Amino acid sequence: MRRITPLVALAALCALGTAPTPAFAQAVQHSVVAYPAWSAGTYYAVGARVTYGGIDYECLQAHTALAGWEPSAVPALWKAVGSGGGGGGDTTAPSVPGSLRATATTSSSVSLAWNAATDNVGVTGYNVYRGTSLVTTVSGTTHTDSGLSASTSYTYTVRARDAAGNLSAASAAVTATTSSGGTTPTGTPVQANGQLRVCGVRLCNKNGKQIQLRGMSTHGLQWYPQCVTDGSLNALANDWKADVVRLSMYIQEGGYETNPRLFTDRMHNLIDKAVARGLYVIVDWHMLTPGDPNYNLSRAKTFFTEIAQRHGTKPNVLYEIANEPSGVSWSTIRSYANQLIPVIRAQDPDNIILVGTRAWSSLGVSEGGSETEVVNNPVSGTNVMYTFHFYAASHGSTYLNTLSRAADRIPMFVTEFGTQNAAGEGANDFTQSQAYLNLMAQKKISWVNWNFSDDNRSGAVFKTGTCNAGGPWTGTAPLKEAGIWIRDRVRTADDF
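Going by mature numbering (1 follows the signal peptide of the UniProt record, and there is no 0), the letters in the sequence shown line up with residues -25 to -1, 1 to 471, in that order.
What follows is the structure, given as structure tokens:
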């Protein structure tokens, strides 16, 4: 059964015209702390406090505020709070967290630690602030703030909170400066090719030359972040000699919708790591279930706006806006793309946008269709390509021939494939896989293999346990059979 997310519940609430309950709307006693005024367009984490209409409110669900979502009107997102007096409850605030310190910095992150606070009942968490903005609430005494800009100073404070919502005074502030992000490394795929563009039905580099990119896709970032580290990315860039990495961020299945701030920051951080290694990076909006991309359209607009604002000037970035639509028509997918592409283009006018196709990005084949529906009715916009996914042990000549025909009519990019069956498991069909690779080499179709993890299925390139052990990442010793096979083909000399 589909779960109802806070935003869906809110939409239903608004559609029904439901008014806030009297108990929610009534004024409560002001706290002694001056909270910032509620503002549309601001991201609020769970536990954030604001003032609106002379009343203090606490955020119940993380969200980016929109007009019409004022705290007094939306009890699903906010609860009114006060100093806690008059009711006989806990009114004692925790002590101030001690010795806030920066324990590490990179070009895109600051790691913090502090000493625990105490409380007459018990501390339940800590609010971490960057400047005056609440970044997150954590249960422990450490936090890494990711997705930051290089060579920039950031100031932090921390406040303890208890179960009654009492907040301590702010800790002493600490200021940390991120390291230099540097420039594009020399001798890398991005240094060689620069800004990508679509020329005719092919992908071309800054010199107008038709090129093919080859690389790997991560597994879900909610499940396998330990497989996407400095060490593994170094191996992908230097040992595998990859051109591109695809960062797969699921939306449901425990992904983005559960904590948009966490996953957006994780994506920022990994994009920066890919850029530092001179790799192209596909930002994969990995929608899967439900199969209608419009279900997540509002989330996609929020996410891609921020990603494009921060990274749109980097030639490394490609946006994959719908991983595998299913159970919907091409016209439905096209409508989604035509609404989302202008949002990205408002921030980034020229980086490549990858559009998923019908029936799990099979150009409709898996649901009885063909490439003609896309050829005859493409999306609007420039520098747009279409995606095709295949798993060689399940997808034979019908799929191969469809990809071949499509590549002569529209710009194609294979953003996911495996040598196994459609579940990414079972025996490898290297013969059929090689037939696909030969076609893609002939027609300059870029490709990304699934997946760069140590999942127990045969489609994961690393042996189980490699990621939790922190490697080793290089050579063939840590690789499964499919990993050895695909590494050899990623390492094939580029024709740039």
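C-beta: ideal position from N, C-alpha, C; glycine also.
All values derive from a computational prediction rather than experimental measurement.
Three-state class that DSSP yields for residue i in the structure shown
i, result
"Phe471", "coil"
"His194", "coil"
"Phe238", "helix"
"Cys442", "coil"
"Asn102", "strand"
"Asn424", "strand"
"Tyr199", "coil"
"Tyr361", "strand"
"Thr451", "coil"
"Val350", "helix"
"Arg134", "strand"
"Leu171", "coil"
"Val56", "strand"
"Val71", "coil"
"Arg177", "strand"
Residue burial classification, residue i (beta-carbon count within 10 angstroms, cutoff 16)
i, result
"Ala326", "The question names Ala, but residue 326 in the sequence shown is Asn. Buried is the call here."
"Ala382", "buried"
"Pro(-4)", "In this predicted model, Pro(-4) has a pLDDT of only 32, less than 50, meaning its place in the structure is not dependable; the value taken from the coordinates is given anyway. Exposed, since its Cβ has fewer than 16 Cβ neighbours within 10 Å."
"Gln1", "Below a pLDDT of 50, predicted positions are generally treated as unreliable, and Gln1, at 35, falls in that range; no measurement from the model is reported."
"Lys455", "buried"
"Arg466", "exposed"
"Arg(-24)", "Confidence is the limiting factor: at Arg(-24) the pLDDT is only 31, short of 50, which leaves the residue's position unreliable, though a coordinate-based value still follows. Per the 10 Å Cβ criterion, exposed."
"Glu342", "exposed"
"Ser155", "exposed"
"Lys248", "buried"
"Val96", "exposed"
"Pro317", "exposed"
"Gly445", "exposed"
"Thr439", "exposed"
Beta-bridge pairing of residue i - partner residues as DSSP gives them
i, result
"Tyr366", "Gly393"
"Ser128", "Thr152"
"His261", "Tyr225"
"Glu295", "Asp259, Leu329"
"Ile30", "Tyr27"
"Ala88", "Arg76, Thr117"
"Tyr18", "Thr39"
"Ser108", "Arg105"
heavy atom of the ligand GDP below 6 Å from residue i C-beta
i, result
"Met242", "The ligand GDP is absent from the structure shown, which contains no ligand whatsoever."
8 Å contact criterion, which residue i and residue j should meet: CB distance rounded
i, j, result
"Val25", "Ala37", "At roughly 14 Å, the Cβ-Cβ gap does not stay under 8 Å, so Val25 and Ala37 are not in contact."
"Ala20", "Leu109", "5 Å"
"Thr39", "Thr377", "Not a contact, Cβ separation roughly 39 Å."
"Leu254", "Val219", "6 Å"
"Val272", "Tyr311", "Per the sequence presented here, residue 272 reads as Leu, with Val not at that position. The Cβ separation is near 6 Å, so the contact holds."
"Ala283", "Ile319", "5 Å"
Hey, is the region 137 to 145 in contact with the region 159 to 167, meaning 3+ C-beta pairs nearer than 8 Å?
The region 137 to 145, when compared against the region 159 to 167, does not touch it at the 8 Å Cβ threshold.
Using 8 Å as the Cβ pair cut-off and three pairs as the minimum, do the region 390 to 410 and the region 365 to 372 touch?
Counting Cβ pairs under 8 Å, three or more are found: they touch.
May I ask you to verify whether the region 78 to 93 touches the region 119 to 131, counting CB pairs closer than 8 Å and requiring at least 3?
The region 119 to 131 and the region 78 to 93 touch, with three or more beta-carbon pairs separated by less than 8 Å.
How do the region 205 to 215 and the region 237 to 244 stand: do at least 3 beta-carbon pairs fall below 8 Å, yes or no?
With the cut-off at 8 Å, the region 205 to 215 and the region 237 to 244 do not touch.
When the Cβ atoms of the region 165 to 184 are set against those of the region 38 to 57, are three or more pairs found closer than 8 Å?
No: fewer than three Cβ pairs fall under 8 Å.
Measuring CB atoms only, is the region 404 to 415 touching the region 170 to 179, in the sense that at least three cross pairs come out at less than 8 Å?
In short, these stretches do not touch, since the Cβ pair count stays below three.
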